[in-house]
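Chemist: Here it is: the structure, laid out below.
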Amino acid sequence: MVDGDKNSKFFHAVVNQRRRNNFISSMTLVDGTILSTPEQVHQGAVCYFQEILSGAEVSEVGDLSPLLDKVIADEDNFFLCNEPMELEVKEALLSIPKHSSPGPDGFGSGFFSSCWELVKDDVVEAAKEFFSGNFESGKIKAFSHPLGAPLISHLLYADDLLIFLNGEKRSLRRLIEVLGCYERWSGQLINKEKSALFFSDHITQGRRVGLKRLTGFVEGKFPVVYLGVPLVVGRLKVRDLEPLVTKIRNKVAGWKYKLLSQGGRLTLLGHVLSSMSMHLLAVLNIPKAVHHKIDSILSTFFWGVSAGHPKRKWRSWSHLCKPTNEGGLNLRNSLEVQRALHMKFVWHLMSGDSLWNKFFQAKYVKKGHVALASDNSSRFWKSVMGVLPEVLENVRLMVKEGKGSFWYDRWLSSGPLSLHPNVDITPSLCIKDLWVENSWDRDKLVELVGSVKTEEIVQTIAAGRNGEDVLVWMPSKDGKFSSASAWDRIRVRAPQAPEMKWIWHGLLPKRVSVCVWKSRYDCLPVDENICRVGIQLASKCGCCVFGQGESRDHVLSSSEFAGKMWALAEEALGISVVPHSWWSRVFQWWSYAKTSTTRGTLIGILPCVITWRLWLRRCKARMEGIQETVEGVWLAVKACLRNISGCMKNHGEVSSVDMAMLAALEVTNDLSFSISHQFREWNMVADFLARSGEGGCSRRYEDYDMLPKELKGIIRLESFVVMGEAQELQPHIIGVNMMYTYGIFNLPVSTYSLICSTQLAFTALFSFFLNSQKFTPFIINSVVLVTISAILLIVQPNSADTMGTSNKKDAVGFLCTVGASAGYSLLLSLMQLSFQKVLKRETFNVVLEMIIYRSLIATSVSALGLFASGEWKSLAEEMEKFGPGKLSYVMTLVWTAVAWQVCSIGSVGLIFEASSLFSNVITTVALPVIPILAVIFFHDKMDGLKVVSMLLAIWGFVSYIYQHYLDDSKSKAAKANVNEDLDTSNKKRPQLMDI
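Numbered according to the numbering used here, the sequence shown spans residues 1 to 995.
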């Protein structure tokens, strides 16, 4: 659902068709009864399988041992299973040279030979232990099988099985006995209705009748399909491969042409239709007539069908079957693909050592080299031998052990030595036959190939190397064969077309590239081209006021409308082009293009987009009578460029010229946001934007604040940094905590807590400047009231609760607390700013990661300071003097840490989900309650000014909550309006057509 269908009409049509095909509308039983309703079909299927699975068990475990030939005699088996005797061990030991390398214990065979009488018992015991303990327990494991099934090896679960016999009744009776024994042993029954006998032409009709009566099988007729391949007697004919042609034709008929653009058809051609015949091309020599039929079907599928007849093929299939950089569509000619696959067959024949390889070696190559094999055999083998020269030309043998052919393998860069004139060739001569004690036999080499070639061999090829010879496929970098590289070697080449890199640029949609490709080779169905093929008509351009004749250059370049479009583009990009034909205009554009800059990339892409939009406008005017304006088409071009620019790579710093060009095209280059599908409250908006995008690219905005409010919760920023930002905030956090410590050390609890409420004023101030927070009357009222409540505390006269403290300490405590509140507010605003600009991830994990990193650093710094100052020595004394006891002391520390972490997660989480101001307001709700708790638990005094200050703080908090309620109500109303607008736009939006 991500890349394939893109929610297109074609996808839904295919899904509906598959659902119809998978539905069983009726069922016919063996007795002819027809079940038509879904309930009857369901019950009939259940009854059918119940009868099969509940049938009587007819299996009988038999003995198949008589069918197995004894390869080893009983006496040989006894000899092999018996433990080695002392004499055998001694003879084996004495056969080892005395001066051989010592074993792991440091002793050589000479030691054991000379001291045999002393060590023989240990050596013989070790040998017996080795031969008796060679079986590892658990090495042979059981395999799983269906419940209730007999324990047999499932070797005959193949769909098709071919058994070859000589045609005698005795041989056939023996086969029937084996099959019957297998049925009794395994419980599997041979289906005689699906089994058949295929006779040679030498079998008489009377014998055929007798053999069919004996087996109960029917007589099969050739051709028969085995593993997807038709088996025929004699020459493979066109009618034998008609099922393949029909299969491809039916597959094409299942795709409705009107639902697919030519870009979509091209994709299906390259990935689906071209691979349907791949298996048969690899194992058969398909007649050329079948190749022509297949290529004709594929070509018709690309160009389309009108009124049941193929449309005009403006370019031959051979031109389409070339790489895109040579002017083709990167398709494959089936005849060239077959040759490449047969080259793969030859490669495996030369380099493999499998059973399959040995079979073909024995049948066709015999004991010689593949280059000497005769081509007077089957049609397939003739085709294989036809590509043998191309394979031999592109392979090279890396000589090591020297088993390769001296004459026919290409182990020298100059080619096989068999091409050397005036030589007496010995076909069976190997390379190692010319070695003498790991060096070349120069005299023999000179006798065979002459002194010049001998010097080349001695200087380039080392003799007597360890390892196996390696066959290297030279066209590939890794030396391994690939069908693609083989096809590239044998295909018909065409001149390079450098302009194709822009036509088939990766950022362009496939349908745009196909349209420009057709324009490049004048394959568009304009009136001029239609008249050229003999169809006379009155030509009139539907895009022009004057109704001039329609041609490619007129529609795409020289008409008044096209001229205005190109002029707008040239003005936006700051280039000058001399207008001639469409191709000369586009070619001049591409002379300014380059892939190293944003501007250069857009210069290369823009002509393709303009060409596509001009052709689309022509089709709308001709087919639907819709005349689009220059402004409308130019807006569509810029919208397409904006979507394409979202997928462009970052070219680093953008110059002022590029910035001016991007501004003219309304393409931003600053901050990229991608729409994330999440089933949240506003998923309809996200789905709408995702549907409106083209090519799967992301939309771009200059700044996060430019986003609509209803979208900020479903936007995923495309970069993410955590650790660096957390480290940058650590000094600020440490300073804030230090000032809070000095404040609470010099002030009473109630005074300290109420002064802390100034955080709200500072948070509002920093939010206004850093986070673009808007002030409302209720927010201003909240800030003023909380500020006044803090001022009342500092102007109150000294009372008993401050007895014992000086005015100087009060001032220090007040200033530190206010400074800490300001610093904490700045920290909250910086966190919100980091979530918006730096920590660009939408999951809540970013909150936990920030807190974890911050806590780890703070803990490390605090522990370092504790041990550096020596205060850790007083912890034991402080714990002893703690009134409630040691356990209470530890639990107080633990629960304080837990409460602080929970508070941190809540406050930072509110910043992540809402804003720093909202987080601070929720945190402040606890401050007016703290003075009351201080009076209850710490016997702090609560005078009139503190009460008034507490009431003002509560009033300010309620004022902000009311403002939040108003904002939430407006948000819900805006939400409903957006949903209504989206529904209306979806209903009114016209259906898009693929032209």
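Ideal Cβ positions, reconstructed from N, Cα and C, are used throughout, including at glycine.
Please report the distance separating the alpha-carbon of Asn438 from that of Ile457.
Modeler: About 14 Å.
Chemist: Would you be able to state if there are at least three C-beta pairs under 8 Å between the segment 453–473 and the segment 410–418?
Modeler: Output reads yes: the segment 453–473 touches the segment 410–418.
Chemist: Assuming Ser821 and Phe762 form a contact by the criterion Cβ under 8 Å, report the distance between their Cβ atoms to the nearest whole angstrom.
Modeler: That pair is a contact at about 6 Å.
Chemist: Using CA atoms only, rank isn't needed, just tell me which of Gly32, Leu179, Gln188 is closest to Ile52.
Modeler: Looking at the Cα atoms, Gln188 is the closest of the given residues.
Chemist: Could I get the ranges of all uninterrupted beta strand (DSSP E) runs contained in the segment 322–399, with 3 residues as the minimum, in chain order?
Modeler: As far as the segment 322–399 is concerned, its whole beta strand (DSSP E) runs of at least 3 residues are 395–398.
Chemist: Taking only the alpha-carbon atoms, compute the straight-line gap between Leu268 and Leu211 and give it to the nearest angstrom.
Modeler: Approximately 49 Å between the Cα atoms of the pair.
Chemist: Locate the beta strand (DSSP E) running through Val229, then write down its first and last residues.
Modeler: Element bounds for Val229: 229–231.
Chemist: Report all residues from its chain with a CB closer than 7 Å to the CB of Lys403; omit the five preceding and five following residues, and keep chain order.
Modeler: Around Lys403: Cys430, Lys432, Asp469.
Chemist: Name the residue from Arg207, Lys366, Gly228 whose alpha carbon lies nearest to the alpha carbon of Glu1003.
Modeler: Residue 1003 cannot be examined here, being either before or after the span of the chain that is shown, 1 to 995.
Chemist: May I have the straight-line CA-CA distance separating Ser54 from Gln205, to the nearest angstrom?
Modeler: Spanning the two alpha carbons is a distance of roughly 42 Å.
Chemist: Got a sec? Which residues, its chain only, sit under 8 Å from Ser888 by beta carbon, not counting five neighbours each side?
Modeler: Cβ within range, chain order: Phe882.
Chemist: Measure the C-alpha to C-alpha separation of Asp74 and Cys81 and round it to an integer number of angstroms.
Modeler: So the two alpha carbons sit approximately 11 Å from each other.
Chemist: Taking only three categories from DSSP, how would you classify Ile72?
Modeler: Here Ile72 sits in coil by DSSP.
Chemist: Mind listing, in chain order, the continuous alpha helix (DSSP H) runs of no fewer than 4 residues lying wholly within the segment 198–264?
Modeler: Counting whole runs of 4 or more residues, the segment 198–264 contains the alpha helix (DSSP H) stretches 205–215, 242–253.
Chemist: Between Val233 and Phe217, how many whole angstroms is the CB-CB distance? I'm expecting something under 8 Å.
Modeler: The Cβ separation is near 19 Å, so there is no contact.
Chemist: Note down, one range per segment and in chain order, each alpha helix (DSSP H) of at least 4 residues found wholly within the segment 102–136.
Modeler: As far as the segment 102–136 is concerned, its whole alpha helix (DSSP H) runs of at least 4 residues are 109–114, 116–132.
Chemist: Assuming the contact rule is C-beta atoms closer than 8 Å, Ile905 and Val847 should be a hit. Round their C-beta distance to whole Å, please.
Modeler: Indeed, because the Cβ distance is near 7 Å, the residues count as touching under 8 Å.
Chemist: Distance check for Thr611 and Cys515, CA to CA, integer angstroms please.
Modeler: Near 8 Å, if we compare the C-alpha coordinates of Thr611 and Cys515.
Chemist: By DSSP, does Ala196 sit in helix, in strand, or in coil?
Modeler: Strand, per DSSP.
Chemist: Given Val512, which residues of its chain have a CB within under 7 Å of its CB, disregarding the five upstream and five downstream residues?
Modeler: Answer for Val512: Cys608, Val609, Trp612, listed in chain order.
Chemist: Would you kindly report the start and end of the unbroken alpha helix (DSSP H) that includes Leu641?
Modeler: Per DSSP, Leu641 belongs to the alpha helix (DSSP H) from 630–645.
Chemist: Determine, for Arg489, whether the minimum Cβ-Cβ distance to residues of chain D falls below 7 Å.
Modeler: The structure shown contains no chain D, having only a single protein chain.
Chemist: Please give the ranges of any beta strand (DSSP E) in the segment 461–501, keeping only runs that are unbroken, at least 3 residues long and fully inside the region.
Modeler: Fully enclosed beta strand (DSSP E) runs of 3 or longer: 470–473.
Chemist: Which partner residues of Leu35 appear in the DSSP bridge assignment?
Modeler: DSSP, once it has assigned bridges, lists Met27 as partnering Leu35.
Chemist: Locate the alpha helix (DSSP H) running through His292, then write down its first and last residues.
Modeler: 288–303 is the span of the alpha helix (DSSP H), which, as asked, contains His292.
Chemist: Does the beta-carbon distance from Ile286 to Arg249 come in below 7 Å?
Modeler: Result no, Cβ atoms of Ile286 and Arg249 do not sit closer than 7 Å.
Chemist: Could you tell me the alpha carbon to alpha carbon distance between Ala373 and Leu179, rounded to whole angstroms?
Modeler: Spanning the two alpha carbons is a distance of roughly 40 Å.
Chemist: Determine the extent of the alpha helix (DSSP H) in which Ser186 is found, giving its start and end residues.
Modeler: Looking at the DSSP string, the run of the alpha helix (DSSP H) that includes Ser186 is 169–186.
Chemist: Between which two residues does the alpha helix (DSSP H) containing Pro525 stretch?
Modeler: From DSSP, Pro525 is part of no alpha helix (DSSP H); its letter is neither H nor E.
Chemist: With DSSP run on the structure shown, which of helix, strand or coil describes Pro97?
Modeler: Coil, per DSSP.
Chemist: As a quick exercise: from Arg20, Ser405, Trp504, Ala45, pick the residue whose alpha carbon is nearest that of Thr28.
Modeler: Ranking the options by Cα distance to Thr28, first place goes to Ala45.
Chemist: Alpha carbon to alpha carbon, how far is Gly264 from Gly386?
Modeler: Cα-Cα distance, rounded: 37 Å.
Chemist: Is it true that the segment 271–282 meets the segment 316–330, where meeting means three or more beta-carbon pairs spaced less than 8 Å apart?
Modeler: Contact fails: fewer than three Cβ-Cβ distances are below 8 Å.
Chemist: Going by the CB atoms, is the gap between Tyr408 and His348 shorter than 7 Å?
Modeler: No, the pair does not count as a contact, with Cβ atoms beyond the cut-off.
Chemist: What does the alpha-carbon distance come out to for the pair Val41 and Arg19?
Modeler: Whole-angstrom Cα-Cα distance: 17 Å.
Chemist: With DSSP as the reference, label Trp314 as helix, strand or coil.
Modeler: Note: Trp314 maps to coil in three-state DSSP.
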